[in-house]
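J.: Protein sequence lines, in the order shown, are assigned to chains D and U.
Take 820 as the starting number for the first sequence in this note's numbering and just add one per residue.
Take 605 as the starting number for the second sequence in this note's numbering and just add one per residue.
Starting off with a structure, shown below.
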Amino acid sequence: MNRERKRMWTKEAATLAVLLLGIAVGSHATILGLTGTSPNPTFNFIAKQGYISTPDGNSIYCWGYANGATGAFQLPGPTLIVNEGDTVTITLQNQISIPGPPAVPGPAVSMIFPGQQNVSASGGTAGVLTQEAPSDGTTTVTYTFVAAHPGTYTYFSGTRMELEVEMGLYGALIVRPAGFDPNVAANRRAYDDPASQYDHEYLYLLSDLDPTLHPLVEQNKLDQYDNTTFFANNWLVTGRCFPDTMADPNVGYLPSQPYNTAPLTHPGEKVLLRFIGAGHDLHPLHHHGNNALMIAKDGRLLESAPGVSGPDLAVSDFTETVAPGETIDAIWVWYGYHLGWDEYGHTLGGPGPFQPNEIYAQSTLASSIGVADTTISVPAGTGHAFLPPPRTFRAIIWGAGYANPDLDPNREVVTATRSLTNPDTFTITRAQEGTAAQAWSVGSIIADTDHGLPLPVTMPSIQNLEFGQYASGSPFLGQSGALPPLQGGFNPYNGYYYMFHSHNEKEIVNNNVFPGGMLTMMGVLPYGAPIP
Amino acid sequence: MNGMRELGWAALLAASLMAAPAARADNLPGSRPPDPYRSRTEGIDIQCPGATDPKAVCVSIACGDGFVKMADGSDQYIFGFQDVAGIDPTVMWSYGRLGAEFPAPTIWAKEGQHLYLTLTNLGMIMRPDLFDPHTIHFHGFPNAASIFDGEPMASFGVTQNNSVTYFYDLQEPGTFMYHCHQEASEHMQMGMLGQLYILAAQDDLPDGTLLGTFTHHTGYKYVYDDGDGSTKYDVEVPLQMSSFDPHFHAADLGIQPPPFATMVDVYPMLNGRGYPDTVNPGGIMNNRNAYRSDIPNKVAQKIPALITCTQGQKVLLRISSLSTTEFNTLTAPGFPMLVVGTGAHLLRGPDKPDGTPGKNLYYLTQTITLGGGESTDVIVDTTNVPRGTYFLYTSNLNELSNDNEDYGGMMTEFVVN
Ligand SMILES: [Cu+2]
């Protein structure tokens, strides 16, 4: 269904839209959810039952936390977004009634909040972990806590978890740091520390379900429900299986699964990935395109001196192990540095436009050089940003009066190697790629950039290839190319797409249908393309 | 390993002289016109720039189907890769028939080099009804461009009888991996998995270079550009975890739809072998001739998992997992395993804005747990390890079997001489 709708985009229309919007779009994707009213947000949940749909054509009986009397059953429960220091109150009633036959009342349900301290619970009946709401539809249990620490958390039923979490009683809780402001870049943070600043945030609430267990519950055959033979065949990201993960939020054909996970960004922008393990199994969540920096786990920054050091224990990886009940915050950025070719397909001298992410490192000449000099120096403390020795790198030198090398007709391409002993001194080989050696004055610009480098290989005929839905047909960001009929079509802005998925690859199917399951596609769009 | 990096220049040049490049008006926009350093026969187009790119390393790999032998003697039908470096394109189809290997040929190169990686799709001998494209996904490549990412939904798969040359400017050292990403749940279960690692440029520093208080000498090798010699090692052994579900492989051989929903792996392996094949230092001959009488058997499992060293050496274990189903834990009781890297990255906190290196987060452990698509670098310092034979095995004890045969599976030996 989403396929048909998205196919209505034509490349021509999309390109025109980019041109009209220009480059000034400064949108920042945020996670959908309920925010309540700070500093005393109150949420009224009712446990309800219903059906989720999976792309293999199945309709699966589930339970979920619904938003109040008018809120429909949903999976997962509403994402709660509150502020550090808020006193959060959640009331819970239970309307679950197992259809049978014979129809019987559902079990009592409850809510627990890992990572929150001093949660008070009142009303209902006492359970093992907390107060529980019986399925009478009227008894109200009230949970209250102070959201003392910013971070990514989860909530789920604390009653018969082997049954009720499998059935869908779970959700995400996000606590914004004090001073959070989505419209001020410096205050758009996951934690108090400035190293947690981001441009876009996306929620990966990972769960797995065994579709054979749910009908047993629906038919009141709980005596046959055997948790020890659990064998997942559907894998979900925030309540949906691919390709539904990529559909819009709140689409009509997924009435019980409101949240999508269709991440978008631009080169160089920081994407905060909030991972939550809400199922039975660990999932190795692999992000193509680049490593991510895991800055926090279970709602705490990875820092040696809390509040002081910043995330100095952060770890870079290309796959995050997301364990059940665990949360991870990771920052993923795609820069496009050092591909060895210009990802925009530019030639030196234009046409451009020269793009912000084309420069890996830049400094100026600290002293002038003549046409025969082979050593340069940059201002003290600026050289370390360049690649360390013994690596050599391609650099362009151009005049200080020009905004970029295309504008200076005398620009010179060199290869450079940093000194082993002084990072601010480089040895250079002059006049590369057909440019001429110039005398450069103090303040001239030197930058490590792939700008203007041609693609080093020739792509085969498109008849020799089979393109996917998110292919643009071009190697270059923001450009499209001819595609065979019925290939491509999902990439109107000609971005670079990257699969973010479970790398236990059996988990990217919907039962017997590939692809599906725990899979999303991250789009790195050219600058100017809008991000909703 | 050296063999596959030697492309056979004479053969390539000869081929390029014989087969003039076909003119093609349908290149993707912006790509370069054909250059003379290539050969082309039918859809094969091996691009290797030679002297025009002194940093070039060229690897030529073909993919298709084949057979391997499990440690209990059973044959498994696989999809896989094979090394076709130096193979003349005019004979590649006959050379490569049913020649898939498991694991795939190991690819390695050095930081700073340019990897020209050609994949040629030879098609399926046992499944002529299948026209599956294939890809190579360089797993973990930093700042990947989707065109060379090998993930076909965002780019393309290479259709049968055709080839593509992927290009990578190797910017970061570390333990990566590669696999086909086309219909990944099927093609990876079927065996399109391999090891890929990039050596650190720090190895090539001039003799006597000071790295802080550490003095580099020619011949020293490091896992990463650590700047302090802390990842120096003497011997490296790449170990890749993987596992097979024989029912899935039988279904593919028997022209049945792939049974994703029942996938359960019962052949846990290291480097494509279950114990005791893991400690066989030689190759393992397959039994493909029983399935195609016109094709003789072949050594299709070429990578032992036996670890040998001399007491006092530091052994680098480049451990990765491309299991399609499970997390696995490897343990080596009594061994000090120092974890120095994860995700093809030095295990060190972020650098400070002024360039000061971050905090070393190395740790000593007895267990390494990896899910599919995860890698880690472990250094075992054998200075205080008594000479002898040790076991490195999965502590998921049910995985110590080759299907119904016990005392096998994901286990190998670590010999300290
Ligand atoms: Cu494949």
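Just so you know, even glycine gets a beta-carbon here, dropped at the ideal spot from N, CA and C.
1. Could you compute how far the alpha carbon of residue 1261 of chain D sits from the alpha carbon of residue 814 of chain U?
2. Using a strict less-than 7 Å threshold between each residue's beta carbon and the heavy atoms of ligand 1, what residues do you get?
3. Between residue 1127 of chain D and chain U, is any beta-carbon pair separated by less than 8 Å?
4. Beta carbons nearer than 9 Å to chain U: which residues of the stretch 1278-1304 of chain D have them?
5. Count the CB pairs spanning the stretch 1133-1153 of chain D and the stretch 1097-1105 of chain D that are closer than 8 Å, and state whether there are at least three.
6. In this structure, what does DSSP give as the bridge partners for residue 1316 of chain D?
7. Just to confirm before moving on: does the CB-CB distance between residue 1291 of chain D and residue 1271 of chain D stay below 8 Å?
8. So with CB distances below 9 Å, who are the chain D contacts of residue 959 of chain U?
9. Please check the pair residue 912 of chain D and residue 952 of chain D, which I expect to be a contact at CB under 8 Å, by giving their CB distance rounded to whole angstroms.
10. Taking residue 845 of chain U as part of the beta strand (DSSP E), name the residues at either end of that continuous run.
11. To the nearest angstrom, how far is it from the Cα of residue 1336 of chain D to the Cα of residue 1026 of chain D?
12. Enumerated in chain order, which unbroken segments of the alpha helix (DSSP H) with a length of 4 residues or greater are wholly contained in the stretch 680-730 of chain U?
13. Among the residues of its own chain, which have a CB less than 8 Å from the CB of residue 1301 of chain D, if the five just before and after it don't count?
14. Beta-carbon separation of residue 803 of chain U and residue 820 of chain U under 8 Å?
15. Pull out every residue of the stretch 1156-1169 of chain D whose Cβ sits closer than 8 Å to any Cβ of chain U, in chain order.
16. So, is residue 723 of chain U buried or exposed, given that buried needs 16 or more other C-beta atoms within 10 angstroms?
17. Counting only Cβ-Cβ distances shorter than 9 Å, please list the residues of the stretch 844-871 of chain D near chain U, keeping chain order.
18. On the DSSP bridge list, what partners appear for residue 1149 of chain D?
19. For residue 964 of chain U, which three-state DSSP category applies?
20. Give the DSSP-derived three-state secondary structure of residue 1010 of chain U in the structure shown.
21. Closer than 8 Å between beta carbons: that is the criterion. Which residues of the stretch 1046-1075 of chain D meet it against chain U?
22. Taking Cβ positions, are residue 953 of chain U and residue 1131 of chain D nearer each other than 8 Å?
23. Which whole-angstrom value is the C-beta distance of residue 1315 of chain D and residue 1340 of chain D, which I expect to be below 8 Å?
24. Would you decide whether residue 1299 of chain D is buried or exposed? Buried here means 16 or more other CB atoms lie within 10 Å of its CB.
25. For a contact meaning CB atoms closer than 9 Å, what does residue 657 of chain U contact in chain D?
26. From the DSSP secondary-structure annotation, give me the bridge partner or partners of residue 1082 of chain U.
27. Are the stretch 1071-1080 of chain D and the stretch 865-877 of chain D in contact at 8 Å, needing three or more beta carbon pairs?
28. Quick check: the Cα distance between residue 767 of chain U and residue 738 of chain U, rounded to an integer number of angstroms?
29. Mapping DSSP to helix, strand and coil, what is residue 849 of chain D?
30. Using 8 Å as the limit for Cβ to Cβ distance, is residue 1137 of chain D near chain U?
31. Given a cut-off of 8 Å on the beta-carbon distance, is the pair residue 757 of chain U and residue 1289 of chain D in contact?
32. Using a cut-off of 8 Å between C-beta atoms, extract the partners of residue 747 of chain U located in chain D.
33. Distance, Cα to Cα, residue 1036 of chain U vs residue 708 of chain U?
34. Report the neighbours of residue 1112 of chain D on chain U: residues whose CB is nearer than 9 Å to its CB, in chain order.
35. Considering only C-alpha positions, which residue in the set U:934, U:898, U:956, U:976 is nearest to residue 947 of chain U?
T.: Short version:
1. 31 Å
2. U:667, U:683, U:736, U:738, U:739, U:784, U:786, U:787, U:791, U:796
3. no
4. 1278, 1279, 1280, 1281, 1282, 1283, 1284, 1285, 1286, 1287, 1288, 1289, 1290, 1291, 1292, 1293, 1294, 1295, 1296, 1298, 1299, 1300, 1301
5. yes
6. D:1342
7. no
8. 1200, 1202, 1203, 1204, 1242
9. 6 Å
10. 839-848
11. 10 Å
12. 696-699
13. 1281, 1292
14. no
15. 1156, 1157, 1158, 1159, 1160, 1162, 1164
16. buried
17. none
18. D:1092, D:1113
19. strand
20. strand
21. 1052
22. yes
23. About 10 Å separates the two Cβ atoms, so there is no contact after all.
24. buried
25. 1275
26. Limits of chain U in this structure are 605 at one end and 1021 at the other, which puts residue 1082 of chain U out of reach.
27. yes
28. 10 Å
29. coil
30. yes
31. yes
32. 1108, 1109, 1153, 1154, 1155, 1156, 1157, 1158
33. Outside the shown range of chain U (605 to 1021) lies residue 1036 of chain U, about which nothing can therefore be said.
34. 954
35. U:976
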